[in-house]
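In what follows, a structure is listed as structure tokens, so that the remarks can point back to it.
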Amino acid sequence: MIPVFSFVLPLILLGVITFTSEAQPTYLYHVCPNTTTFTINSTYQDNLKIVLSQLRNPGIRTNGFSTSAFGEDPNDVYGQSLCFGDLSTEVCQECLDFATQDIIQRCPIEKVAIVWYDQCFLRYSKQLIQSTMAESPKVFMWNTQNVTDQERFNELLAKTMKEAANNASSAPVGGIKFAPGENNLTVFQTLYTLAQCTPDLSGNDCLLCLEAAISDLPTCCGGKIGGRVLSPSCNIRYEIYQFYNASGFIPESYPNRTKTVVTEASAFPPLPSANTRPTPAPGSITRPEEPKMSISEGGKGGKTSQIKVIGSASAAVAVLLLISSSIYTIWRRKILKKEEMEISEVQLLDMGIGPALCKSTPEEEMSMNSHQDFSMIPFDKVYDATKHFSDETKLGEGGFGPVYKGLLEDGREVAVKRLSRTSGQGLQEFMNEVTLIAKLQHRNLVRLLGCCLEKTEKLLIYEYMHNKSLDVFLFDSNMIVHLDWQKRLSIINGVARGVLYLHEDSRLRIIHRDLKASNVLLDYDMNPKISDFGMAKIFGGNDNKTTNRIVGTYFP
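Counting from 162, one number per residue, gives the positions in the sequence shown under our numbering.
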């Protein structure tokens, strides 16, 4: 079977290369908070369409950067787009053509949105964004492989990144603030870096943005051979393979630009992991010529004979191609399944918060999975239990995503939290819930029955609380009459017992950090149960550290 696959491999590669050269831009991430939305067919939507059409217009683009504004308050729209500095104008245009269509699919009614691709990014807002530095939202990405000599690596990374930041920020306002860099890590490996700001920033603002991104690297990507920080005003990246187009535009006016001599051996770096495979340099893939077939125009017999030979050969190639493509499909499905399982560990998509509890130890995972009340529930069972996530089973929606009521096969009523792909806090909250609440047992804490990590879905399954949350009673003039003083006192005592357990009596010392009426659920007998541990934080037994970081829900 191996010789057959090897024989047909060039044909498969031909199809892959042809497809890749015409493929859409590589999507990275998007953010569109649902706190501000517009009405369909409104003036704001009309103005947004005009701004997006202007951003894709090459006539207003300078150095890969476009900016646009249209409309008057309260329907004014501001937009920006930027292509990476090593791209050709053709690739840049293709990315922006796609982005202006894709962003309205991902964020159909939001007034604030941003989307990143490997080739460009695009954003729009209700507020003025031109010439204004914005560090959030941030997206962190890293390679799963670890460095061997971390001290040496970190020292060289800090030096190379600093040089790239200085070079990028030294460009004048309106110029291309883009700076690649490289340094020899070992005889066999080279460290490649990249820094870029939007051209509308001043040199000082550009440097501040890049320095803030660089300062996040130890938190998000410490000890990893590759990392990336994306923000609205700047972005940085480093790898041990050349991920940018070295033949692209590189300004010659960088005052601190240094040319590093790369040894011949360093031209063959180790292959990167599947999660950070390099993006082919724009224009570097040459489309091979289509295979040509010639037929002799000699005598009738010779022509017929050659046609038969060609037909037989074509049939044989078709059979081999079918067999090989089947092998390739099976192999590819395994790779995709593995990547889907790893994607939650590879990307930390959080608004400026470093990785916290995104991984459990093997002992913790074994303890969690063996817990009699906690299980991994197949997606199809949850899908059926919620009537295919229909609107009639929807209980509400929060920052994590929508919540649905479900009925499992064994007759248990459950509440299912479904991670929204536009959620800014989803991954952090999901991992906190699984690693924390599954290990806690108290009558005044909501019980997590299981979770589902299947395909691209992340689901949390809780016990169903018949009386919803405390805020339903407190802020409804009709419902509040059901809260007599005896029930109020019982709820207060129950919440206090739950908090005391978290702070003092549990084996993990936990601070909830977002305790509010909507996070206090009430069961059938009006017993209170604390829920939503997405922002909770673990402290050691004697750890009395404080933090200046403000978290939780803001009440104006």
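Beta carbons: idealized from backbone N, C-alpha and C, even for Gly.
Quantities reported herein were computed from a predicted structural model and do not represent experimental measurements.
Three-state class that DSSP yields for residue i in the structure shown
i: residue 669; result: coil
i: residue 221; result: helix
i: residue 548; result: coil
i: residue 680; result: helix
i: residue 400; result: strand
i: residue 241; result: strand
i: residue 229; result: strand
i: residue 691; result: strand
i: residue 389; result: strand
i: residue 489; result: helix
i: residue 662; result: helix
i: residue 483; result: helix
i: residue 254; result: helix
i: residue 591; result: helix
Residues sharing a beta bridge with residue i, DSSP
i: residue 614; result: 619
i: residue 351; result: 345
i: residue 540; result: Paired residues: none, contrary to the question.
i: residue 565; result: 555, 577
i: residue 476; result: Paired residues: none, contrary to the question.
i: residue 188; result: 278
i: residue 260; result: According to DSSP, residue 260 bridges with nothing at all.
i: residue 357; result: 339, 396
i: residue 606; result: 691
Residue i versus residue j - alpha carbon distance
i: residue 325; j: residue 273; result: 30 Å
i: residue 241; j: residue 651; result: 54 Å
i: residue 397; j: residue 378; result: 10 Å
i: residue 692; j: residue 544; result: 23 Å
i: residue 393; j: residue 569; result: 43 Å
i: residue 728; j: residue 216; result: Because the chain in this structure spans residues 162 to 717, residue 728 falls outside the shown range and cannot be described.
i: residue 556; j: residue 548; result: 13 Å
i: residue 276; j: residue 266; result: 11 Å
i: residue 332; j: residue 356; result: 12 Å
i: residue 206; j: residue 239; result: 12 Å
i: residue 485; j: residue 188; result: 29 Å
i: residue 365; j: residue 662; result: 49 Å
i: residue 660; j: residue 602; result: 13 Å
i: residue 226; j: residue 402; result: 27 Å
i: residue 537; j: residue 639; result: 40 Å
i: residue 345; j: residue 314; result: 10 Å
i: residue 247; j: residue 338; result: 11 Å
i: residue 270; j: residue 194; result: 10 Å
i: residue 551; j: residue 540; result: 15 Å
i: residue 281; j: residue 245; result: 6 Å
i: residue 370; j: residue 297; result: 10 Å
i: residue 257; j: residue 283; result: 8 Å
Where the alpha helix (DSSP H) containing residue i begins and where it ends
i: residue 578; result: It is not in any alpha helix (DSSP H) - residue 578 instead sits in the beta strand (DSSP E) that spans 574-579.
i: residue 208; result: 204-216
i: residue 379; result: 364-382
Beta strand (DSSP E) segment containing residue i, residue limits
i: residue 193; result: Segment: none, residue 193 is in no beta strand (DSSP E) and carries neither H nor E.
i: residue 699; result: 698-700
inquiry  = Ignoring anything shorter than 3 residues, give me the beta strand (DSSP E) runs that lie fully in the stretch 266-347, in order along the chain.
reply    = 274-278, 281-286, 300-303, 339-345
ask   = Which whole runs of the alpha helix (DSSP H) in the stretch 623-658 are 4 residues long or more, in chain order?
value = 631-635
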